[in-house]
Amino acid sequence: MTLVYRPYESADYPTLVSIVKDTWHYEQMASPNIAELLAEVFVSSCLCNATHSIVAQVDGEVAGIILLKDIAQHRCSMGDRWRQVGAIGRLLMHREGRKVMRIFRNVSSVDERLLGEIDTKYRGEIALFVLDSRYRGRGIGKALYERAVTYMRFRDLEPFYLFTDTSCNYRFYERQGLRRRAWRGETVRMDGRAQEMTFFVYDNRDALRGCAA
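If you count the sequence shown from 1, you need to add 460 to reach the working numbering.
In structure tokens, the structure reads:
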């Protein structure tokens, strides 16, 4: 197995859309076409929200990515912004797409309210962390995360935070020393079905105190 870590390239975009769609099971909440568009909106929005990227590539294939944000220096490139706007526009052309988009806007609103409950001035954010299911359990995800932390420490982007929820492996972050700072339970309705979810904000403030001691 040849494993390479490198920056994001525009050619990675379709593969990342596919990984996101499969990881969060978008086709269980929408038709295949809408699921694809929803994944495009999500990936393009995360790219707009990031200032640094690390891609894990296995034998020439994209296995995963972690996107980081320098909050003070963040600027979205015009190319990423146009891609995001185009994806949102194509999604909103469909009635089903508009319905699903409302759900994700509500989730974003929950995240922002949670962040507002925390009295901390963050310098960095993990904007996206996703790994293809075929490559889990091989230590690739942990190596991606460790490279991200090393970068943020080198660039003085601590403390940092991230959003996650019960649809993800949120316990992973606890094993890496992050702590839950805020959380909220919500009922999310998709395709007429109610799903109970909990949304979290994690950060590394305790890890910083440990280093200082």
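By construction, the Cβ of each residue, glycine as well, lies at the ideal position given by its N, Cα and C atoms.
Predicted model only: the values in this text are computed from it and were never measured.
Start-to-end residues for the alpha helix (DSSP H) that takes in residue i
i, result
"residue 557", "555–576"
"residue 530", "Careful: residue 530 lies outside any alpha helix (DSSP H), inside the beta strand (DSSP E) at 521–530."
"residue 495", "492–508"
Where the beta strand (DSSP E) containing residue i begins and where it ends
i, result
"residue 602", "No beta strand (DSSP E) contains residue 602, which is instead part of the alpha helix (DSSP H) from 600–614."
"residue 657", "653–663"
"residue 580", "Premise fails: residue 580 is in no beta strand (DSSP E) and is neither H nor E."
"residue 622", "620–625"
Between the CA atoms of residue j and residue i - distance to the nearest angstrom
i, j, result
"residue 520", "residue 575", "37 Å"
"residue 624", "residue 588", "10 Å"
"residue 476", "residue 604", "15 Å"
"residue 673", "residue 667", "Caution applies to residue 673, whose pLDDT of 26 falls short of 50 and renders its modelled position unreliable; the model cannot decide the point."
"residue 631", "residue 660", "11 Å"
Cβ pair residue i, residue j closer than 7 Å
i, j, result
"residue 578", "residue 641", "yes"
"residue 537", "residue 468", "no"
"residue 523", "residue 595", "yes"
Residue i CB to nearest heavy atom of the ligand PLP below 6 Å
i, result
"residue 545", "Ligands displayed in this structure: none; no statement on the ligand PLP is therefore possible."
Neighbourhood of residue i by C-beta distance below 6 Å, restricted to the same chain and skipping five residues each side
i, result
"residue 502", "480"
"residue 470", "none"
"residue 671", "Note on residue 671: pLDDT 33, under 50, position unreliable in the model; the coordinate value appears next. Once the five neighbours on either side are set aside, residue 671 has no close Cβ partner at all."
"residue 639", "666"
Outcome for residue i when other beta-carbon atoms lying within 10 angstroms are tallied against a minimum of 16
i, result
"residue 612", "buried"
"residue 664", "buried"
"residue 465", "exposed"
"residue 634", "exposed"
"residue 560", "buried"
"residue 552", "exposed"
"residue 581", "exposed"
"residue 530", "buried"
"residue 500", "buried"
"residue 610", "exposed"
Cutoff 8 Å; reference residue i; Cβ partners in own chain excluding five residues on either side
i, result
"residue 655", "647, 648, 649"
"residue 658", "625, 626, 643, 644, 645, 646"
Proximity test, Cβ basis, 7 Å: residue i and chain B
i, result
"residue 504", "Annotation note: the requested chain B is absent from the structure, which comprises a single protein chain."
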